[in-house]
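Q: In the numbering used here, the protein residues as written are 45 to 193.
1. Report all residues from its chain with a CB closer than 6 Å to the CB of residue 91; omit the five preceding and five following residues, and keep chain order.
2. With 16 other CB atoms within 10 Å as the buried threshold, where does residue 151 fall?
3. With DSSP as the reference, identify every bridge partner of residue 104, one or two as the case may be.
4. Are the beta-carbon atoms of residue 88 and residue 99 separated by less than 9 Å?
Printed below as a string of structure tokens:
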């Protein structure tokens, strides 16, 4: 542990760089800092921000607040209230975007991606929502680009 207060690095070979009330519980997990961030997945990385949760193996959250990753090898770059439910999903940033769905399985809507934006949903295998406001895609091998001006 590098510093901060009330931090826990309980996973083997895990690291907490600093911050306050952060936990690196997964094997080889890393939390750079921030406030109330938790990296539970094996080899998961949480760089900073607040109230973020990397709950799956090889998950990455770069920053922001109230973001959640539950699919393996999934990424949230930043933003607020974003969720990647399924494996290999990605959210670039924005506000309350979703990749995948919360049906209890992380293997149905794999590779779902939301670029950026506000309340966009990519709910399909290989689905891509580039950005915008309240865009939704619910099928396989499709993309959806919606811009609000």
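C-beta atoms are modelled at their ideal positions from N, C-alpha and C, and glycine is treated no differently.
A: Result, derived from the coordinates:
1. Here residue 91 is taken as the residue at index 47 of the chain shown, counted from 1. Result list for residue 91: 76, 106 and 107, in chain order.
2. Taking the first residue of the chain shown as 1, we reach residue 151 at position 107. The residue in question, residue 151, is exposed, as its Cβ has fewer than 16 Cβ neighbours within 10 Å.
3. Taking the first residue of the chain shown as 1, we reach residue 104 at position 60. Under DSSP, residue 104 takes part in a beta bridge, and its partners are 89 and 119.
4. Sequence index remark: in the chain shown, residue 88 carries index 44 (1-based). Sequence index remark: in the chain shown, residue 99 carries index 55 (1-based). In contact: residue 88 and residue 99 (Cβ atoms closer than 9 Å).
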